[in-house]
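Peer 1: First, the structure itself, so that you have it in front of you.
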Amino acid sequence: EPGARPALCGRGWARSLDAGSRAGAKMEADAEQPEAEVQPTGSEVGADDAYAWERRYERTWEDIAVGADGILRIQQPEGADWRLQSAGFDLDARRGVIRHVLLLWDISKSAGAIDGDLKPSRAVATAGALIEWVDEFFDKNPISRLGIIVVGKVQDSVSGVVREMEAGAELWSQMSSNPEDHIGKLRAFREQPLCDGHFSMQNALDLACAVLMPMPAYGTREVLCLVSSLSSQDPGDVKASIRRGGGGENRGSPAA
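Here is the structure:
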């Protein structure tokens, strides 16, 4: 009849029955298998089951409190940082990310003496050690700044008049984040050392404070003194300069 569905032959019926039996078997096998367990994501894991990197900074703002002096402090849980606590370190003290360091270097007659304990002289031996120290400093503090102040017989400019000071201080190497700026001058000094005059701690500290005071407060301000002389020829009270430098939250470390 026109429009009637053609009848399937015997071979077609066999293929249809075979396909149907395979589909039914697959459905029964899928029904017998248990459903796959869904693993929770990092946000769904409990605090006890989370990885260390997932719970380290979790709600850290709750551990910060304002002390009576107005300084933000981290409330350490019981047993935290036990190595620092047992060693007696202040947990609130942290090294700044950006350090502004001034090196006060004694290049007076005492440092240039050839009959001293370091050969050929203390100044030359110190220059060689400083070359390695500057390179290591910027390796550990790549975004910090360093400057070098020499103390001894220097030229000082007052009102445009250049005069020599027997116990003066001069910003020999400007504050810079490039180690080659300092290493180049140290190598030149090691080849042709010039040591004269006397050491003055007061003049060195006054100049260091004047250089460090404009530095931003988000970084540390530090002074490292390398002294060869046994005495200091100061124009005034050196203790007043020390107190004035400490009042600006500067840090000082002497090395004789």
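Numbering (the numbering used here), first residue to last: 925 to 1180.
Ideal Cβ placement from N, Cα and C applies to all residues, glycine included.
Remember, it's a predicted structure, so these values are computed and weren't measured experimentally.
Quick check on the burial criterion: 16 or more other C-beta atoms within 10 angstroms. Buried or exposed for ASP1161?
Peer 2: exposed
Peer 1: Which residue comes first and which comes last in the beta strand (DSSP E) that contains LEU1027?
Peer 2: 1023-1030
Peer 1: Determine the extent of the alpha helix (DSSP H) in which ILE1107 is found, giving its start and end residues.
Peer 2: 1103-1115
Peer 1: For LEU1095, which of ILE1038, LEU1026, VAL1021, ARG1111 has the nearest alpha-carbon?
Peer 2: LEU1026
Peer 1: Assuming the contact rule is C-beta atoms closer than 8 Å, ILE988 and TRP1029 should be a hit. Round their C-beta distance to whole Å, please.
Peer 2: The pair is not a contact, with the Cβ atoms about 41 Å apart (cut-off 8 Å).
Peer 1: How would you label GLU1056, buried or exposed, when you count the other beta carbons within 10 angstroms and need 16 or more for buried?
Peer 2: Exposed, by the Cβ-count rule.
Peer 1: If LEU1070 sits next to MET1099, beta carbons under 8 Å apart, how far is it from one beta carbon to the other, in whole angstroms?
Peer 2: 7 Å
Peer 1: Under 8 Å by Cβ, that's how I've got GLN1247 and SER1165 pegged, so tell me the actual separation to the nearest angstrom.
Peer 2: Shown here, the chain extends from 925 to 1180; a query on residue 1247 therefore has no answer.
Peer 1: Label LEU1154 either buried or exposed according to how many other C-beta atoms from any shown protein chain fall within 10 Å of its C-beta, with 16 as the threshold for buried.
Peer 2: exposed
Peer 1: Quick one, are the C-beta atoms of GLY1121 and VAL1078 less than 9 Å apart?
Peer 2: yes
Peer 1: What does the Cβ neighbour count give for GLU1146, buried or exposed, with the cut at 16 atoms within 10 Å?
Peer 2: buried
Peer 1: For CYS1119, which of helix, strand or coil comes out of DSSP?
Peer 2: coil
Peer 1: In chain order, what residues of the same chain have a beta carbon less than 7 Å from the beta carbon of ASP1130, not counting five sequence neighbours either side?
Peer 2: Only SER1165 meet the Cβ criterion.
Peer 1: Please state if the CB of GLY1076 and the CB of ALA1112 are separated by a distance shorter than 9 Å.
Peer 2: Between ALA1112 and GLY1076, the C-beta spacing is not below 9 Å.
Peer 1: Please report how far the alpha carbon of ARG1168 lies from the alpha carbon of GLY1108, in whole angstroms.
Peer 2: 33 Å
Peer 1: Using 10 angstroms around the beta-carbon of ASP1158, count the other beta-carbons present and answer buried if the total reaches 16, otherwise exposed.
Peer 2: buried
Peer 1: Where do the ends of the alpha helix (DSSP H) carrying ILE1055 lie?
Peer 2: 1046-1064
Peer 1: At the level of alpha carbons, what is the spacing between VAL1021 and PHE1062?
Peer 2: Distance between the alpha carbons of VAL1021 and PHE1062: 12 Å.
Peer 1: Terminal residues of the continuous alpha helix (DSSP H) containing ALA1132?
Peer 2: 1125-1136
Peer 1: Considering just the uninterrupted stretch of the beta strand (DSSP E) at ALA1035, what are its terminal residues?
Peer 2: That residue, ALA1035, is in no beta strand (DSSP E); its alpha helix (DSSP H) goes 1033-1036.
Peer 1: CA-CA distance, GLU1104 and ALA992?
Peer 2: Going by the C-alpha atoms only, they are around 45 Å apart.
Peer 1: Just mark ILE1038 as buried or exposed, buried being the case when its beta carbon has 16 or more other beta carbons within 10 Å.
Peer 2: exposed
Peer 1: Given a cut-off of 9 Å on the beta-carbon distance, is the pair GLU1132 and ALA1093 in contact?
Peer 2: Looking at the sequence provided, one finds Ala at residue 1132 rather than Glu. Result yes, Cβ atoms of ALA1132 and ALA1093 sit closer than 9 Å.
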